[in-house]
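A quick write-up on the structure given underneath.
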Amino acid sequence: MSAPTLASRTKPGYEERVRLAAAAIRQNSPLGEEDARSLAIQVLRAVDHIPEKIR
1056 MSAPTLASRT KPGYEERVRL AAAAIRQNSP LGEEDARSLA IQVLRAVDHI
1106 PEKIR
């Protein structure tokens, strides 16, 4: 088992969110796993900056 990342220690469920987002991106685009994960992280960062009231 790999060591937990800083993000997974600070935000419960973060890695699962990244995996789910990356899977959705891969299913709907020609991106590979690494590129989809990178894009998923960027998307989640953007979504996390939207105020809770607006989400």
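Under our numbering, think of the first position of the sequence shown as 1056, with each following residue one higher. A virtual CB, placed ideally from N, CA and C, is assigned to each residue, including glycine.
1. Which of the three DSSP states, helix, strand or coil, is assigned to Y1070?
2. Let me know if A1076 comes out buried or exposed under the rule of 16 or more other beta-carbons within 10 Å of its beta-carbon.
3. Under a Cβ-count criterion, where at least 16 other Cβ atoms within 10 Å of its own Cβ denotes burial, should A1095 be classed as buried or exposed?
4. Taking all protein chains shown into account, decide if A1073 is buried (16 or more other Cβ within 10 angstroms of its Cβ) or exposed.
5. Count the other CB atoms within 10 Å of the CB of A1101; is the residue buried (16 or more) or exposed (fewer)?
According to the structure shown:
1. Here the sequence assigns Glu to residue 1070, which means Tyr is not the residue at that position. Of the three classes helix, strand and coil, the one that applies to E1070 here is helix, per DSSP.
2. buried
3. buried
4. A small correction: the amino acid at residue 1073 is Val; Ala does not occupy that position in the sequence shown. Under this definition V1073 is a buried residue.
5. exposed
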